[in-house]
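Position 33 of the sequence shown, counting from 1, maps to 217 under the numbering used here, and the rest follow consecutively.
Where is the CB? At the ideal position from N, CA and C, for every residue including glycine.
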Amino acid sequence: MDNKADFLKQHVAQTQIVREVKLSEQTANETKSPQFNTSDLLMLLGPIGFIMGWTILFLMLSKIGVAARDELLFTIKRFQKVPCRNCQYFTNNPYLKCAVNPCAVLTEEALKCSDYRPAEKVEELDDED
Numbered sequence: 185m186d187n188k189a190d191f192l193k194q195h196v197a198q199t200q201i202v203r204e205v206k207l208s209e210q211t212a213n214e215t216k217s218p219q220f221n222t223s224d225l226l227m228l229l230g231p232i233g234f235i236m237g238w239t240i241l242f243l244m245l246s247k248i249g250v251a252a253r254d255e256l257l258f259t260i261k262r263f264q265k266v267p268c269r270n271c272q273y274f275t276n277n278p279y280l281k282c283a284v285n286p287c288a289v290l291t292e293e294a295l296k297c298s299d300y301r302p303a304e305k306v307e308e309l310d311d312e313d
């Protein structure tokens, strides 16, 4: 009978140890934070990356558009200051726009042109005859 009692004591002790181990594993699992699966992470980052990529592209294109528009306005204002179109030596000939200074015509150098003479109006010439 001693053998049966010893066997029962050992069996009870082993079951208590197994229960304690299972309980400690269970509490350890409960304290761990849930981990994301890589597929979950990719599903989350895919649309976010797509939206951010298009946003960055849109911002870059809008900045380029604003810079191009400002450069165009600056160029137009600069050409409005050039007096060549009102000079008597200016022609609309695409091969020779100015007979006196062909290299400086319609450039910033034309602002300092010493040969500039305002064109006489056609109406004034008709009145003199």
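> How big is the Cα-Cα spacing for L257 and D224?
Replying inline: L257 and D224 have their alpha carbons spaced roughly 50 Å apart.
> Which term fits V202, buried or exposed, when burial requires 16 or more other beta carbons within 10 angstroms of its beta carbon?
Replying inline: Residue environment: V202 is assigned as exposed (fewer than 16 neighbouring CB atoms within 10 Å of its CB, all protein chains considered).
> How many Å lie between C268 and E304 at the Cα?
Replying inline: The alpha-carbon separation between C268 and E304 amounts to approximately 14 Å.
>> Between the alpha carbons of Q210 and Q200, how many angstroms are there, rounded?
In response: If I take the Cα positions, the gap works out to 15 Å.
> What number of angstroms, rounded off, separates the C-alpha of S274 from the C-alpha of S298?
Replying inline: The residue asked about is misnamed: residue 274 is Phe in this sequence, not Ser. Spanning the two alpha carbons is a distance of roughly 14 Å.
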